[in-house]
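Enquirer:
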Amino acid sequence: MYLALYRKYRPRTFDDVISQEHITTTLKNQLKNGQSSHAYLFTGSRGTGKTTCAKILAKALNCTNLKDGNPCLECDLCKSIDEDFSDITEIDAASNNSVDDVRIMKEESFYAPMSGKYKVYIIDEVHMLSIQAFNALLKLIEEPPAHVVFILATTEVHKVPATILSRCQRFEFRRIDINDSKKRLLWVAEQEGKTLTEDAAFLISKISEGGMRDALSLLDQCFSVSDNVTADTVRECAGISGSDYLFRIAGLIYEQSTAELLMLLDELISKSKDVTRLCEELISHYRGLMLTKAGADALAVCVTSDDFEKLKEQSDRYSLEQIMRCISILSDTFSQMGRVRTPALLLEMCFIRLCTPKLDIDEKALSARIDRLEQIIENGAPSPAPYYNGIGSSISAPEKSVIKEYTEPVKSEPFGIELPEKLKEKEKENTRKSMPEDLKSAVFGTDPLPEKQANVDFPAVELPRADENIPPETKPKQPDRPAPLAIWQDIISTLPVSIQYGLENTTASISGNTLYISGGKLAVTMAVTDYREMIQKAASKAIGRNVAISSADNIDNNIEKQQISESKTDKVSIFLDLARSKGIEIKKK
Numbered sequence: 000m001y002l003a004l005y006r007k008y009r010p011r012t013f014d015d016v017i018s019q020e021h022i023t024t025t026l027k028n029q030l031k032n033g034q035s036s037h038a039y040l041f042t043g044s045r046g047t048g049k050t051t052c053a054k055i056l057a058k059a060l061n062c063t064n065l066k067d068g069n070p071c072l073e074c075d076l077c078k079s080i081d082e083d084f085s086d087i088t089e090i091d092a093a094s095n096n097s098v099d100d101v102r103i104m105k106e107e108s109f110y111a112p113m114s115g116k117y118k119v120y121i122i123d124e125v126h127m128l129s130i131q132a133f134n135a136l137l138k139l140i141e142e143p144p145a146h147v148v149f150i151l152a153t154t155e156v157h158k159v160p161a162t163i164l165s166r167c168q169r170f171e172f173r174r175i176d177i178n179d180s181k182k183r184l185l186w187v188a189e190q191e192g193k194t195l196t197e198d199a200a201f202l203i204s205k206i207s208e209g210g211m212r213d214a215l216s217l218l219d220q221c222f223s224v225s226d227n228v229t230a231d232t233v234r235e236c237a238g239i240s241g242s243d244y245l246f247r248i249a250g251l252i253y254e255q256s257t258a259e260l261l262m263l264l265d266e267l268i269s270k271s272k273d274v275t276r277l278c279e280e281l282i283s284h285y286r287g288l289m290l291t292k293a294g295a296d297a298l299a300v301c302v303t304s305d306d307f308e309k310l311k312e313q314s315d316r317y318s319l320e321q322i323m324r325c326i327s328i329l330s331d332t333f334s335q336m337g338r339v340r341t342p343a344l345l346l347e348m349c350f351i352r353l354c355t356p357k358l359d360i361d362e363k364a365l366s367a368r369i370d371r372l373e374q375i376i377e378n379g380a381p382s383p384a385p386y387y388n389g390i391g392s393s394i395s396a397p398e399k400s401v402i403k404e405y406t407e408p409v410k411s412e413p414f415g416i417e418l419p420e421k422l423k424e425k426e427k428e429n430t431r432k433s434m435p436e437d438l439k440s441a442v443f444g445t446d447p448l449p450e451k452q453a454n455v456d457f458p459a460v461e462l463p464r465a466d467e468n469i470p471p472e473t474k475p476k477q478p479d480r481p482a483p484l485a486i487w488q489d490i491i492s493t494l495p496v497s498i499q500y501g502l503e504n505t506t507a508s509i510s511g512n513t514l515y516i517s518g519g520k521l522a523v524t525m526a527v528t529d530y531r532e533m534i535q536k537a538a539s540k541a542i543g544r545n546v547a548i549s550s551a552d553n554i555d556n557n558i559e560k561q562q563i564s565e566s567k568t569d570k571v572s573i574f575l576d577l578a579r580s581k582g583i584e585i586k587k588k
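In numbering that gives the first Met the number 0, the protein residues as written are 0 to 588.
#1: Are the CB atoms of I90 and M104 within a distance shorter than 8 Å?
#2: By alpha-carbon positions, which one of I554, D529, I491, S492 ends up nearest to I509?
#3: Pairs of beta-carbons, one from the stretch 123 to 131 and one from the stretch 145 to 165, closer than 8 Å: are there three or more?
#4: Which two residues bound the contiguous beta strand (DSSP E) that contains E208?
#5: Looking at the secondary structure, which residues open and close the beta strand (DSSP E) in which V148 lies?
#6: Output the residue ranges of the alpha helix (DSSP H) runs that lie fully inside the stretch 296 to 357 and measure 4 residues or longer, sorted by chain position.
#7: By Cβ distance, which residues of its chain are closer than 6 Å to L215, with the 5 residues on each side in sequence left out?
#8: Report, in whole angstroms, the separation of the C-beta atoms of I206 and A230, which I expect to be a contact under 8 Å.
#9: For D14, which residues of its own chain have a beta-carbon under 7 Å away from its beta-carbon, when the five flanking residues on both sides are left out?
#10: Tell me, to the nearest whole angstrom, how far the beta carbon of R352 is from that of L358; I am working on the premise that it is less than 8 Å.
#11: In whole angstroms, what is the alpha-carbon distance linking E189 and R183?
#12: Put Q19 into one of helix, strand or coil per three-state DSSP.
#13: Mind the definition here: the stretch 256 to 266 touches the stretch 304 to 322 only if three or more C-beta pairs lie below 8 Å; say whether that holds.
#14: Which residue's Cα is closest to the Cα of R173: Y110, S44, F201?
#15: At what residues does the alpha helix (DSSP H) containing S114 begin and finish?
#16: Using only CA atoms, which one of R544, D219, G46 lies nearest to G209?
#17: How many Å lie between I55 and V228 at the Cα?
#18: In this structure, how does DSSP classify K193 when only helix, strand and coil are distinguished?
#19: Measure the CB-CB distance between V148 and Y110 and report whether it falls below 8 Å.
#20: Helix, strand or coil: how does DSSP classify L40 here?
#21: Per DSSP, I87 is paired with what?
#22: Mind checking if K7 is an interface residue toward chain B, Cβ cutoff 8 Å exclusive?
#23: Does the distance from the CB of L494 to the CB of M533 come in under 8 Å?
#24: Just grab the DSSP bridge partners of N69 for me.
#25: Decide if P143 is buried, meaning its Cβ has at least 16 other Cβ atoms within 10 Å, or exposed.
#26: For A537 versus I583, is the C-beta distance shorter than 8 Å?
#27: Of the choices R324, A551, D296, whose alpha-carbon is the least far from that of K311?
#28: Tell me the residue span of the beta strand (DSSP E) that contains Y8.
#29: Would you mind reading off the limits of the alpha helix (DSSP H) that contains A132?
#30: How many Å lie between P356 and A258 at the Cα?
#31: If I498 and Y530 are in contact, beta carbons under 8 Å, what's the gap, nearest whole angstrom?
#32: Which first and last residues belong to the alpha helix (DSSP H) in which Y591 is found?
#33: With H, G and I counted as helix, E and B as strand and the rest as coil, what does DSSP make of V187?
#34: Is the beta carbon of A53 sitting closer than 8 Å to the one on L30?
#35: For F201 and Y39, which I take to be in contact (beta-carbon distance under 8 Å), what is that distance rounded to the nearest angstrom?
#36: In or out: M211 buried (at least 16 other Cβ within 10 Å) or exposed?
As structure tokens, then:
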């Protein structure tokens, strides 16, 4: 009968065990010094060597000719243990988990071993024992007969009671290192007289995720297909395709080609690709991009040399912020897939979000968009995305580049308006005519002002209006009417659902730093009264500056107040400003 590779090449000594040196060294030292414990607990994931080390330890405890802490494999006891040794009992706790099974083991343990020095009980998957069975085992593990040793093995140590844990020496088995697993697979292939490429051995080790038994089982399957195993053979046997589609998806996400990306997803689904597995693979792919971007090597990224070169090339296009954003969105999507009936829909929404950064308004998304703009500027290419000007309309990137920077005009007159020369002369003449005779000389320099009249109070005089005789192009502009806000519905979509329903039929317009909301009376009242702060925060974040919230009914009142404020003039103030500008000191009564 054919013997599976994982059974045929199971380690027989501690030196044959790979990636667990921290455990095998300790056990060998205990055996050499005669300090072995009465109870051991081996924990770790599947295929890491727990049961193997338990059997080697049981053999070494009864071996009469230890070699550096390893069983000699030559004495009668070592040979009998390999066949069927009655003093070593292996119990599967998954099928023998009742209190009666533990009682039987307890009764048998009091009998002395038949030929060896110790009677060893190996209890595999010990966490499957019932509470009553654990209680029955507790006292026996604490104070067993001198000739009894317990070795407990489990993959779920958190299910073992603390009272049992405290009575055992605990050893944590690590996952098998990929390089160690690769070397062992190449050695096994050589022993079998078959060919295994290094890339194939690496891929098998990566797929097995640190489990040596899984790796040898997959290798056994590959040998059934061909005596010359390559990476393509491994992919065929493991039921996985190449990584080319992952690079293609990441490339389309970077180019923001939503349509092509959705078509590729549909193609993969039609080929029976599991969307949950695809999302998990994409997370792993972007992890590789992140590590490569950070300077890690192929060993740390856990990829073949060919894939590592592709990762380096693709990571150069991405920024680290963009990669982190993709990982975050993919991870959120993956965590939700187990709770919905249509995971494909979630992945489609995820791809659309990845290709449309403007749908996200969080800091990571904004940072990624800024990085992309910086890359576009450095490469000298125009940005394809529209530029939002904050009042419900947008302009393209080329138009944005020719917008001139605003500079405040130089104020040379008391009113802040640069008047033409002829207008200045006319204003000066009108002012001269309306002044008292004794002030004219002081202002315009025709006659010196008498010293006794230096500080006098002048009667009110009729001055011309501030805007009289001023050309229309120099008069203050009338306040603009509010412009419609095109992104109002997008702002509503970021609010809680209960508020979205209330604002569904509303519209908004903006003027300056004020956002006017119109619609049903109840909806407007809710927007400007009940949820003002929440709506104001969402609108300010979307528009890019702080805005106030008001009802559309207040538009005319606000414009009228602004007009009155801008047109209001004080004739006396104008006169005093004009007098001070000529160097005259004015005292009020």
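Just so you know, even glycine gets a beta-carbon here, dropped at the ideal spot from N, CA and C. Keep in mind it's a predicted model, so treat the numbers as computed, not measured.
Expert: The structure says:
#1: yes
#2: I554
#3: yes
#4: No beta strand (DSSP E) holds E208; DSSP gives it neither H nor E.
#5: 147 to 153
#6: 297 to 300, 304 to 316, 319 to 335, 342 to 354
#7: L4, Y5
#8: That pair is no contact at about 11 Å.
#9: N69
#10: 6 Å
#11: 10 Å
#12: coil
#13: no
#14: S44
#15: That residue, S114, is in no alpha helix (DSSP H); it is neither H nor E in DSSP.
#16: G46
#17: 32 Å
#18: coil
#19: no
#20: strand
#21: V119
#22: The question asks about chain B, but that chain is absent: this structure has only one protein chain.
#23: yes
#24: K66
#25: buried
#26: no
#27: D296
#28: It is not in any beta strand (DSSP E) - Y8 carries neither H nor E in the DSSP assignment.
#29: 130 to 141
#30: 15 Å
#31: 6 Å
#32: In this structure the chain extends from 0 to 588, so residue 591 is not present and cannot be described.
#33: helix
#34: no
#35: No, F201 and Y39 are not in contact; Cβ-Cβ is about 33 Å, not under 8 Å.
#36: buried
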